[in-house]
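Have a look at the structure below before the remarks.
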Amino acid sequence: MKRTPEEERIYQALSAVETPEAPLEEGVRARLERRERHNRPYFRMAVAAACLVVMLGAVVGAAGLSDAWRYFFPGVPENAVTELNVSQTHGDYTLTVEDAVADDAGLMLLLSLTRTDGAEIDPDLRMYFGDMRLESTLSLDGKQVLTTSGGYGMGGRRLSGDGKTLYFVEDQSIHDVDSLAGRTLTYEVPALGKWYEVETATLSLETLAEREIPTYARDPEADPPTRMGRLLAEQDCDLPIPAVEGFSGAAVRGALMTEDGLSIAVESIHGVRDLTDCIGVEAGALIDTRTGARYEAVSSTTAYLPDGTEVWVTSFRDCPLTAEDLPWLELEAEYQIAQLVTTEPFELSFQVDTSAAVTLPLEPIQAEGKTLLLRELRLSAREIALELELDEAYDASLRVPLTITLTDGTVLEPWNYGGHQSEDACTLEYTLLTEDGAPCLLDTSQVASVTIGDVTFDLP
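In the working numbering, each number is its position in the sequence shown, counted from 1, plus 1.
Structure follows, in structure tokens:
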């Protein structure tokens with residue numbers, strides 16, 4: 002599924018976000034206040050560093066574990082880590098899967114990227130740079146599996162202190178798989194490059210004024226992409242967009258008057274030439290040559306012409322223009338161009354140990370004035386997930402207080418940052434945070450019991 006231009010911009014912005022140093026205790030306490038549990042701190046880190054070791058397991062840098070974990074987490078539970086050290090070299094670069102932290106719902110990989118000549122590495126390099134066709138994939142016993150990005154703050158990119166290594170943490174939740182133990186996983190990275198930059202090309206829309214521009218009203222009973230495409234095809238427009246960096250073929254395929262105003266349909270192109278990747282072409286802005294006014298693109302809708310051609314129909318922010326203004330309008334088209342360093346795919350195969358993960362079967366309880374049909378709680382270094390059965394009483398805003406008691410008596414209160422729903426179940430997702438708001442990993446070997454609502458479940 003292709004992101005809209007707006008979604009792509011949001012993705013780019015979020016990819017560069019660092020976890021903020023913001024105390025979340027106040028918000029969490031407010032949510033739990035009605036339960037009158039004022040004696041349980043949101044995360045009792047303790048003052049001494051020794052307590053951190055107890056709660057999180059072995060400190061980063063323990064024998065056999067990659068020291069690079071420290072760039073992402075305050076510590077890693079040694080019993081949860083599978084040491085891998087699987088590498089592959091293409092051209093000037095070597096990609097290595099250093100370690101994995103896995104359970105049967107997914108895995109978190111620690112990867113490193115270095116230059117073969119030992120020189121400093123470009124800190125802007127990525128394994129994903131905007132082109133969804135070249136996203137990393139995960140296969141299980143040779144068959145690609147469906148994955149989604151993992152938990153809160155469980156990812157990122159960091160440069161080593163000497164500037165010679167880029168470290169990545171890739172967290173993937175795996176769908177429709179019962180177990181990873183004993184299975185061969187293959188992580189494939191199709192290309193390496195930098196995040197795309199925008200190059201622009203401008204063209205006059207005067208030719209469109211010769212067409213009859215219809216008004217498109219949304220019909221919930223009809224198929225919008227197909228119906229919109231038929232209206233565009235009747236205009237028989239193929240207005241070439243000027244080439245950028247040798248990439249040609251993009252075109253304006255028509256216009257519509259929609260509820261959002263004048264909208265322009267662009268047929269995009271994409272492809273890799275040498276080490277340059279044209280990710281796509283989209284409408285960026287409308288310019289009124291009479292006044293110089295500029296109207297930025299605000300949203301895009303996918304439509305399909307009768308021959309199957311996909312076009313993006315883009316509307317523009319606060320744009321008062323109509324079809325009558327077309328003779329004086331210019332479209333500023335945006336080419337998304339990424340520079341690559343290699344297009345040879347890295348294929349890294351390995352197996353993982355999931356024995357540190359714990360699944361605790363649960364039973365229905367009374368909490369928040371209702372019956373919660375609990376199914377199971379999954380505990381691992383990368384995931385704290387509570388699964389409930391859906392019923393008529395289910396509320397999408399449901400928040401279930403959960404605490405974890407360690408063997409030394411320390412009480413942790415994970416933060417419920419989100420969840421997802423299937424046909425018959427709801428899964429609430431939690432994470433542990435330090436007092437500075439950074440995510441940290443749970444050592445399941447130190448867990449004595451879990452309390453949900455007012456009911457405590459002991460771990461076997």
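We put the beta carbon where it would ideally sit given N, CA and C, even for glycine. As the structure is a computational prediction, the values presented were derived from the model and not from experiment.
With a 10 Å radius around the Cβ and a threshold of 16 neighbouring Cβ atoms, residue 415 comes out buried. Leaving aside the five residues that flank residue 173 on each side, the residues in its chain whose CB is nearer than 8 Å to its CB run, in chain order, 107, 108, 109, 110, 139, 148, 149, 150 and 151.
Judged by pairs of C-beta atoms under 8 Å, the segment 286 to 297 touches the segment 326 to 346, as three or more such pairs exist. Excluding the 5 residues flanking it on each side, residue 425 has same chain C-beta neighbours closer than 6 Å at 391, in chain order.
For residue 228, the uninterrupted alpha helix (DSSP H) run begins and ends at 225 to 234, by DSSP. Distance from the CA atom of residue 455 to the CA atom of residue 368, rounded to whole angstroms, is 7 Å. Approximately 13 Å separates the beta-carbon atoms of residue 132 and residue 270; this is outside 8 Å, ruling out the contact. For the pair of segments examined, the segment 198 to 211 was found to touch the segment 337 to 352: the number of CB pairs separated by less than 8 Å reaches three.
Minimum Cα-Cα distance from residue 267 among the listed residues 315, 276, 293 and 277 corresponds to 315. DSSP places residue 202 in the uninterrupted beta strand (DSSP E) bounded by 198 to 205. Under the three-state reduction of DSSP output, residue 446 falls in the helix class. When Cβ pairs closer than 8 Å are counted between the two stretches, the segment 253 to 262 is seen to touch the segment 297 to 316, the count reaching three or more. Less than 9 Å separates the beta-carbon of residue 130 from that of residue 192.
Inter-residue distance for residue 184 and residue 237 is about 53 Å (C-alpha atoms, whole angstroms). Looking at 304, 235 and 276, the one whose alpha-carbon comes closest to that of residue 343 is 276.
Residue burial is scored here from C-beta neighbours: residue 216 has fewer than 16 other C-beta atoms within 10 angstroms and is therefore classed as exposed. Two segments are said to touch when three or more pairs of C-beta atoms, one from each, lie closer than 8 Å; by this definition the segment 86 to 95 touches the segment 112 to 122. DSSP places residue 363 in the coil class of the three-state scheme, outside both helix and strand. Residue 103 sits in a strand when the DSSP states are folded into three classes.
The beta carbons of residue 252 and residue 239 sit closer together than 9 Å.
In this structure, residue 380 places its C-beta atom within 9 Å of the C-beta atom of residue 359. A direct Cα-Cα distance of roughly 7 Å separates residue 210 from residue 324. Distance check between residue 295 and each of 433, 273, 313 and 322 places 322 closest, using alpha-carbon atoms only. In this model, residue 278 and residue 247 are separated by some 11 Å (Cα to Cα).
Annotation: the continuous beta strand (DSSP E) that includes residue 279 extends over 277 to 289. Rounded to the nearest angstrom, the gap between the Cα atoms of residue 101 and residue 442 is 13 Å.
Here residue 67 is buried, its C-beta having at least 16 other C-beta atoms within 10 Å. Note on the segment 410 to 458: whole beta strand (DSSP E) runs with a minimum of 3 residues are 416 to 422, 426 to 434 and 448 to 453, in chain order. Beta bridge pairing from DSSP links residue 347 with 190.
The C-beta distance from residue 257 to residue 229 rounds to 7 Å, short enough to meet the 8 Å contact threshold.
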